[in-house]
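Below: the structure, in structure tokens.
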Amino acid sequence: MACCALLFFIAKVHAQSGPLPSWNNGAAKQSIVEFVGKVTKSGSPDFVPPADRIAAFDNDGTLWCEKPFYIHVEAVMARYKEQITANPKLAEQEPYKAVAMKDLGYFMKLYEDKEINAIVSDLIGVPFERMTTEQFADWNRQWLKTWKHPRFQVGYRGLIFQPMVELVKYLKANKFKVYIFTADEAAFLRLVSEELYGIPPENVLGSSIKLKFDNSTEPTKLIRTKEANYLNNWDGKPRLIEQVIGSRPIFAAGNSNGDLQMLQYVAKQDRRSLALLVHHTDEKREYKYDKHTEEVLPAAKKGNWTIIDMAEDWKQVLLQPISTTGTKRARALRPRAIRQARLKQVASSASGHE
């Protein structure tokens, strides 16, 4: 009896310390582990050399919470309001009028009608026009310091999905090159991608506005305009992947119609691949919604892609908070140390295959 109890304890410890510890044992986790095992095992018919192991992730709704609004959209609205306060006459013209009237339907219609240039211009171009790239980064860093999610009352660091951070680490431990291809502006996400996911800024690609080079000062400057440069959504994602990487990923993860073509691009190829769709089904721990999945969800089912049922497949959704009270050491932790400690919470997920 004692021997059986010991074996049970050892098995339990092993299960908790294995790859993807925040995932429940089920079809989704099994498909990921089996996929990684087959493409990384030397001699396997599905073996893929490390140089070709490329993974592409969406961000909003895939790696962190996107409700009730994208985090960057919250920043954009704050910037618009700041400008209206400084110059109330701006509220008489769009897109400032929509912000002043709290008419977010104006922006949603642009998205749903796929008004590409207007989406990029009004959402990420106009409010930061004439800023240098450094000023843009500084403004957003300052905003991120104080912003909190209206429901969860945590900052951006507390809104990333712990199971997905574990997945990123698991892939990297198995010699995957991991990229983010976001519909959001890449310049915004690059400010925090390495801190949150261990993904360097140069591996973050997304929507962008046109920049103007200014050689009249020293050092020289890049000035933001309000003109759209690229909208990285829908079929824009596989096109940007080809333009920047020049190689087709064998793994991709997304959560909405905007990721459909990227997932198809990865799923339909000669090599073994894995397309993964995050389905938001957990209204208690996050949100439950199907909006903007009416195309991608049926495609995922028909293509036998891996669908993550958030309520069923994840033991934990948001990144586990760290207690910073009760000890002198905790009170003395600097922000950088806190960020490093957060990432250590999921470091065990880096267990991988040779």
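Just so you know, we're using this note's numbering here: the sequence shown kicks off at 60 and counts up by one. Here a beta-carbon is modelled for each residue, glycine too, at the ideal position from N, C-alpha and C.
Query	Result
Contacting residues, own chain, Cβ-Cβ under 7 Å from Pro260 (five flanking each side not counted)	Arg249, Ser252, Glu253
Residue burial classification, Asp119 (beta-carbon count within 10 angstroms, cutoff 16)	buried
Cβ shell of Arg200 (< 7 Å), same chain only, five flanking positions each side left out	Leu250
Beta-carbon proximity check, Asp294 vs Gln320, cutoff 7 Å	yes
Complete runs of the alpha helix (DSSP H) confined to the segment 182–231 [at least 4 residues]	192–205
Simplified DSSP state of Thr99, which is helix, strand or coil	helix
Assumed close pair Glu345, His339 - CB separation to whole angstroms, cut-off 8 Å	6 Å
Cβ neighbour criterion (16 or more within 10 Å) applied to Ser103	exposed
Sequence-distant residues of the same chain with beta carbon closer than 6 Å to Ala157, five excluded per side	Tyr165
Straight-line Cα distance separating Thr121 from Ile258	15 Å
Beta-carbon proximity list for Thr241, same chain, < 8 Å, skipping 5 on both sides	Asp117, Asn118, Asp119, Leu248, Val263, Leu264, Gly265, Ser266, Asn291
Lys156 in three-state terms, based on DSSP	helix
Sheet register partners of Ser90 (DSSP bridge)	According to DSSP, which records beta bridges pairwise, Ser90 is partnered with nothing at all.
Identified DSSP bridge partners for Val263	Ile239
For Gly3, three-class secondary structure by DSSP	This structure cannot speak to residue 3, because the chain is shown only from 60 to 413.
The alpha helix (DSSP H) enclosing Arg307, as first and last residue numbers	Per DSSP, Arg307 belongs to no alpha helix (DSSP H) and is neither H nor E.
7 Å Cβ cutoff met for Ile183 and Glu244	yes
C-alpha gap between Asn316 and Ala359, whole angstroms	11 Å
Beta strand (DSSP E) segment containing Arg283, residue limits	280–289
Helix, strand or coil at His339 according to DSSP, with G and I counted as helix	coil
Helix, strand or coil at Ile367 [DSSP, three-state]	strand
Assigned secondary structure, Lys347 (DSSP; H/G/I helix, E/B strand, else coil)	strand
Inter-residue Cα distance where the pair is Val415 and Leu281	Because the chain here runs from 60 to 413, residue 415 falls outside it and cannot be looked at.
Backbone CA spacing between Ala150 and Tyr170 [nearest angstrom]	22 Å
Glu277, DSSP secondary structure in three states	coil
Endpoints, beta strand (DSSP E) assigned at Phe116	113–116
Own chain partners of Arg210 with C-beta closer than 6 Å, once the 5 adjacent residues on each side are dropped	none
Pair within 7 Å by beta-carbon distance, Val227 and Tyr256	yes
Met160 burial status per 10 Å Cβ neighbour count (16 or more: buried)	exposed
Cβ-based neighbour list, Lys97, same chain, cut-off 7 Å, excluding 5 preceding and 5 following	Ser103, Asp105, Arg331
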